[in-house]
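To convert, count from 1 in the sequence shown and add 25; that's my numbering.
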Amino acid sequence: PVVYWEEEGKVKSNLLFFKKLAPELSTHGIKDVRFSFAQWYRKAKRRAAKYGFSYVDPSQDEKKEAARFLVQIAQRWDLNLYSCSQNFLTEVPGICPSACIDGFFLQSLHPAREPAAKRKDKSQRKECRCTESLDIGSYTQFCPHSCLYCYANPKI
Numbered sequence: 026p027v028v029y030w031e032e033e034g035k036v037k038s039n040l041l042f043f044k045k046l047a048p049e050l051s052t053h054g055i056k057d058v059r060f061s062f063a064q065w066y067r068k069a070k071r072r073a074a075k076y077g078f079s080y081v082d083p084s085q086d087e088k089k090e091a092a093r094f095l096v097q098i099a100q101r102w103d104l105n106l107y108s109c110s111q112n113f114l115t116e117v118p119g120i121c122p123s124a125c126i127d128g129f130f131l132q133s134l135h136p137a138r139e140p141a142a143k144r145k146d147k148s149q150r151k152e153c154r155c156t157e158s159l160d161i162g163s164y165t166q167f168c169p170h171s172c173l174y175c176y177a178n179p180k181i
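And the structure:
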């Protein structure tokens with residue numbers, strides 16, 4: 026996700042990393058990029074405070090402006106941008122709604138077209154389009170990357 030934080034009185038972000046990432050994706054034949062802006066769940070807010078991390082949640086207008094920046098980069102590298110669980114971003118030309126976990130797409134990737142779940146995952150947020158799946162990270166499972174904003178971090 027795109028993350029914003031405050032450090033030494035300045036708002037910082039990982040947004041510019043997409044300038045480095047986009048050519049690598051394109052060079053390796055990856056054409057579709059799914060993204061979102063970090064959504065700070067209560068648990069993540071507490072964790073951030075515990076570690077002195079000052080997260081920032083930009084307004085929707087600021088996020089749309091950042092999304093326009095991402096679109097410019099994506100177009101330069103012939104990439105398609107898809108937003109996850111943030112439908113307001115689809116108001117930005119060049120961004121389509123999507124699911125991070127798309128059963129239809131997953132099934133199309135399997136050589137034998139083995140079936141994949143295609144029903145909306147009811148346990149997800151309202152705007153989420155993900156299909157039913159087993160998550161690699163949850164409130165009880167551990168992800169080794171230890172991102173402060175992630176809900177899949179029960180140990181920190």
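Don't be surprised by glycine CBs; every beta carbon is placed ideally from N, CA and C.
Quick caveat: nothing in here was measured; it's all calculated off a predicted structure.
How far does the beta strand (DSSP E) with residue i in it reach, from first residue to last?
i	result
Phe42	That residue, Phe42, is in no beta strand (DSSP E); its alpha helix (DSSP H) goes 42 to 52.
Glu32	29 to 32
Lys35	35 to 38
Leu106	105 to 109
Considering only the beta carbon of each residue, do residue i and residue j sit closer than 9 angstroms?
i	j	result
Ile120	Leu95	yes
Tyr29	Tyr80	yes
Cys153	Ser110	yes
Phe62	Pro26	yes
Leu173	Ala91	no
Leu104	Leu50	yes
Phe113	Gln149	no
Only counting the same chain, and skipping five residues up and downstream in sequence, which positions put a Cβ closer than 7 angstroms to that of residue i?
i	result
Gln64	none
Ser158	Ile126, Ala142, Asp146
Pro140	Gln132
Arg59	Tyr107, Cys109, Ser123, Cys125
Arg138	Gln132
How would you call residue i, buried or exposed, if buried means at least 16 neighbouring beta carbons within 10 angstroms?
i	result
Tyr66	exposed
Thr52	exposed
Ala47	buried
For the alpha helix (DSSP H) containing residue i, name the first residue and the last one.
i	result
Phe78	Counting along the chain, Phe78 falls outside any alpha helix (DSSP H), and DSSP gives it neither H nor E.
Phe94	85 to 101
Exercise for review: Starting from the N-terminal side, write out each stretch of the beta strand (DSSP E) that is 3 residues or longer and does not extend beyond the stretch 114 to 179.
Suggested key: Whole beta strand (DSSP E) segments, 3+ residues: 120 to 123.
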